[in-house]
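*Asks:* Let me begin by handing over the structure; questions about it come next.
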Amino acid sequence: MRDRAFLPFVLLAILIAVPVTLAVTTSHEPRADFVFDVNSEPETIDPAFLTGQPDQRVALAVFEGLVTRDPETLAPRPGIADRWTTAEDGLTYSFHLRPARWSNGDPVSASDFVAAWKRILTPANAAANAEMLYPIAGASAFHHGETTDFGTVGIAAGDDSTLRVTLAHPTPYFLDLCAGTTYLPVNPRALARFGDDWIRPEHLVANGPFTIADWKLRRRIRLRRNPDYWDAAHVGLATADAIFTEQASTAFNLYATGETDWIDSSGIPPMIRDLVVARSDCHRSAYLNTYFYRLNVTRPALADPRVRQALGLAIDKRAIVEHITRSGQIPATHFVPPGLPGYASPPGGDYDPARARALMAEAGYPGGRGFPAIELFFNTSEEHRPIAEVVQQQWKDVLGIQAELRNQEWKVFLASTRALDYDVSRASWIGDYLDPSTFLDIFRSGNTNNRTGWADAEYDRILDRAAAERDPAARAALYAEAEARLLNHGPIIPIYFYVTLNCYDDRKWQGCAPNLLNLLELKFVRRSDAAVAASR
Amino acid sequence: MIGYALRRLLGLLPLLALVLFLAFVFMRTAPGGPFDAERSLSPQIEQALRARYHLDEPLLRQFGRYLGDLAHGDLGPSFRYRNRSVAEIIKETAPISLALGVMAIAFALVFGIAAGVVSAVRPRTGWDHLAMGAAMIGICIPNFVLGPILVLVFAFTLRLLPPAGWGSPAHLILPAITLGALRAASIARLVRGSLLETLGEDSIRTARAKGLSEPVVVFRHALKLAILPVVSYLGPAAAATLSGSVVVERLFLVPGLGTFFVQSALNRDYTVAMGTVLFYSTLLMLLNLAVDLAYRALDPRVELD
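Just so you know, the protein sequences line up as chains P and Y, in that order. Convert by adding 550 to the 1-based position in the first sequence; the result is the number in this note's numbering. Convert by adding 22 to the 1-based position in the second sequence; the result is the number in this note's numbering.
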């Protein structure tokens, strides 16, 4: 052993490494006015490609479409268009644009919308949400490559401040679509210069209430009020941070210590949900989101609609929302969540063990005899297993049938359900816009989101008629008819309707209440009058 | 020794290629793909996306394409974060994971050596039992339990430190302790054992006989010898600490690379997964090499090659 004092070297190394590390990792930035947790890092905020809810929340703070939504009722309000007219036939919309500017000084013009929508419909761009533009005449054909002439699509800029849109069929929710992210404009100069990289924070050109000051991976997006926004005087926050906590316990810790001002349901750990719901800073609203089970109708055991109905009627959904989810979820007897303007779902079947048993007997399985064991399949999650266990037990008690639980990691689970490699699988569906079609269309024959093997020509026919119907009441009745058919013959068991829970101190903040689409319209968030008065 | 190091470095290249190939094969044989989501894409859009990222080509050609790009220093774009490149993700997050790792190891060394010395100098006393009891707890409690307990005590009860986040020295403390606790405990036990043994040796008796004060005996003479097992331990421990920060990063919202290491595989973000595998395997190989070189430097009896 060479006589060499090693210890001093170790200590010296630490003495050097630690201050260097501290210097490297420390960044001095004042806290933003408002810190909100969007749960996971937005994948992109490019209106053409974004898909997730975190993406939407940030994009709607940075861009503004023709129309915006009321932060609570979600009713359409003027955005970049200060007024619009609808032709008698309900197929032609004329939007009149207000004078507004992009953050690079360019005026926001009708052609910016045309360019953005064309970009989404261009097949080679593979924009995930292109279908959201299909209500526009000719959009689907252009997107499917049946023509390369964009002139065939019903979008035309009359002049810089007029945009005319012609629809393929009456679309009562069209204004709501216009308020969504797919219909946002892009700045053509930034797009031409930087291509798809135009959306990177250093190149981004905004026309909404905020711009992106800084985006640190896995840390936060710093938003700053956009002085060029047409309504900047009414933007309540000078700065706001979107953070991405991912883990509910961490999110709640940050909220509870005042580091975060606003969290939603994803920031509330399931274990303490019932305690949080009882707090005065927890605000609840209905949510356009259904938790349901898909049934694979290609499996012989599940081919009989009576069996499928019996499986649904045998589940006491109230027990699930009262003992497991525990924060005011609504037991679901139908598929389309309540709260859509002008639409009422058919009642559907409630918990009815006697009828469930009778249906099973009718189908040839009295007391469950002769019925094969089926698999109840879900993605690995602390939420889904306890629900599956309750259902498993209830099926056994009520129908006398055996169900085995199987779980898989998310992507494997998705691949399995797409390949119809399951008997019964857990699912949820979030509506994109305020119309029943956003739920019912997925069970059309061959829809990629159907994933049950169920194909029913009559169901498709009713939906076609509903889509073409101009009278709102008749239209709603047709959708209700389709939904009733889905519930009676169909391949699903609705379990419950989600709720949105937003935690924030309403003595301090206003404009961030929960709503049906679980959106946060940052423009309207401001210190509440009480807080402003107290600070004077 | 320089020649040896260069030879070892060259030898790493085929090993890295093998690791990348295995990672590639495992990723691609796992069911599900980067574009799968609850809401399926229409077949047309999915086809266009696959073509855009060359996923429609034969697997071997894709791997060849990857290696070709890699040779030009291009790790590709992320599939999930479509406006980010893999290189950018690693560049922005790896220094944070490394910083956390350095702090965790520093914590482990300082507290581990201190606790070990206290125990060895006062064996079978209350101090010894306290230090070794703490070490035993440090070894037994997993970091996903220790982390929340520390948050409860320091963020909620004492209100001294932030519960999570990044951007100031205070943000580093709890994650570094959580990540370093296991190493600190192991080091404490190593130091205690080897220091007790050393203190019984003739050379130490001689030192004491010369009338040297106890601190000088312990720190100048005994600890110098007793620290060697810690050095051998430090290499693998540093590697494990640097690459094992996933749980701590998620718990404390530390924006490091560890989370990408795991999430990219779960998201089937193929390029990011390959990039993180490449980064961590290179790091581990270099650390192993550094340990071998350190042995040689400390103990000439060790033959390299």
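A virtual CB, placed ideally from N, CA and C, is assigned to each residue, including glycine. Remember, it's a predicted structure, so these values are computed and weren't measured experimentally.
1) Taking 6 Å as the limit between beta carbons, can you name the residues of its chain near P/N929, skipping five residues before and five after?
2) Check for me: the beta strand (DSSP E) holding P/T635 runs from which residue to which?
3) Please name the residue or residues paired with P/I771 in a DSSP beta bridge.
4) Rounded to whole angstroms, what is the Cα-Cα separation between P/T761 and P/S653?
5) My output table needs one value for P/F613: the three-state DSSP class, helix, strand or coil.
6) Taking Cβ to Cβ, would you say P/A678 is nearer than 7 Å to Y/L288?
7) DSSP on P/M551, reduced to helix/strand/coil?
8) Is it true that the CB of P/Y1009 sits closer than 7 Å to the CB of P/R1025?
9) Hey, is P/T810's beta-carbon within less than 7 Å of any beta-carbon in chain Y?
10) Quick one: grab the DSSP three-state call for Y/Q84.
11) Rounded to the nearest angstrom, how far is the Cβ of P/L787 from that of P/F584, given a contact under 8 Å?
12) In angstroms with no decimal places, state the Cα-to-Cα distance between P/R714 and P/C1062.
13) Find out if the Cβ-Cβ distance for the pair P/S541, P/T967 is shorter than 7 Å.
14) Please work out which residues of its chain come closer than 7 Å, Cβ to Cβ, to P/V658, disregarding the five sequence neighbours upstream and downstream, and give them in chain order.
15) Can you pull out the residues from the segment 740-765 of chain P whose beta carbon lies closer than 8 Å to at least one beta carbon of chain Y?
16) On the DSSP bridge assignment, give the partners of P/R669 in chain order.
17) Quick check on the burial criterion: 16 or more other C-beta atoms within 10 angstroms. Buried or exposed for P/H884?
18) Taking Y/A59 as the query, report the chain P residues whose CB atoms sit under 8 Å from its CB, ordered along the chain.
19) For Y/S64, return the contacting residues in chain P, with the cut-off set at a CB-CB distance below 7 Å.
20) So, is the C-beta of P/Q797 closer than 7 Å to a C-beta in chain Y?
21) For P/Y1048, which of P/A836, P/F794, P/M821, P/D854 has the nearest alpha-carbon?
22) Along chain Y, which residues have their Cβ under 8 Å away from the Cβ of P/V568?
23) I'd like the span of the alpha helix (DSSP H) that includes Y/L2, first residue to last.
24) Which one of P/A790, P/V847, P/V703 has the shortest CA to CA distance from P/I1043?
25) With 7 Å as the threshold, decide whether the Cβ of Y/L180 is near any Cβ in chain P.
26) So if DSSP puts P/L713 in a beta bridge, which residue, or which two residues, is it bridged to?
27) Examine chain Y for any beta-carbon lying closer than 7 Å to the beta-carbon of P/L767, and answer yes or no.
28) I believe P/C1053 touches P/C832 by the beta-carbon criterion, under 8 Å. Please report the beta-carbon distance rounded to the nearest angstrom.
29) Give the straight-line distance between the Cα atoms of P/T732 and Y/A126, rounded to the nearest whole angstrom.
30) Is the CB of Y/E114 under 7 Å away from at least one CB in chain P?
31) Please list, in chain order, the chain Y residues whose beta carbon lies closer than 8 Å to that of P/K961.
32) Determine, using beta carbons only, whether Y/N165 comes closer than 7 Å to chain P.
33) Let's see if you can read the secondary structure: which residues bound the beta strand (DSSP E) around P/C1062?
34) If we call anything under 7 Å between Cβ atoms a contact, is P/P887 one with P/L852?
35) How would you label P/H693, buried or exposed, when you count the other beta carbons within 10 angstroms and need 16 or more for buried?
36) Given that P/S816 touches chain Y, what residues does it touch there, using C-beta distances under 8 Å?
*Replies:* The answer reads as follows:
1) W960, F963
2) 631-636
3) P/W765, P/A792
4) 8 Å
5) coil
6) no
7) In this prediction, P/M551 has a pLDDT of 42, which is less than 50 and means its spatial position is unreliable; what the coordinates show is noted afterwards. In this structure, P/M551 counts as coil in the three-state DSSP scheme.
8) no
9) no
10) helix
11) 5 Å
12) 33 Å
13) Past the edges of chain P, shown from 551 to 1086, lies residue 541 of chain P, and the structure says nothing about it.
14) I630, L647, A650, R651, W652, P735, N757
15) D746, D747, I749, R750
16) DSSP, once it has assigned bridges, lists no residue as partnering P/R669.
17) buried
18) T601, L964
19) E681, T998
20) yes
21) P/A836
22) V124, M125, A128
23) Beyond the ends of chain Y as shown, which are 23 and 327, falls residue 2 of chain Y; an answer cannot be given.
24) P/V847
25) no
26) P/F645, P/A707
27) yes
28) 5 Å
29) 45 Å
30) yes
31) A52, P53, G54, G55, D58, L288, N289, R290
32) no
33) Where P/C1062 is concerned, there is no enclosing beta strand (DSSP E), given that its DSSP letter is neither H nor E.
34) no
35) buried
36) Residues of chain Y passing the Cβ test: none, with the nearest at roughly 14 Å.
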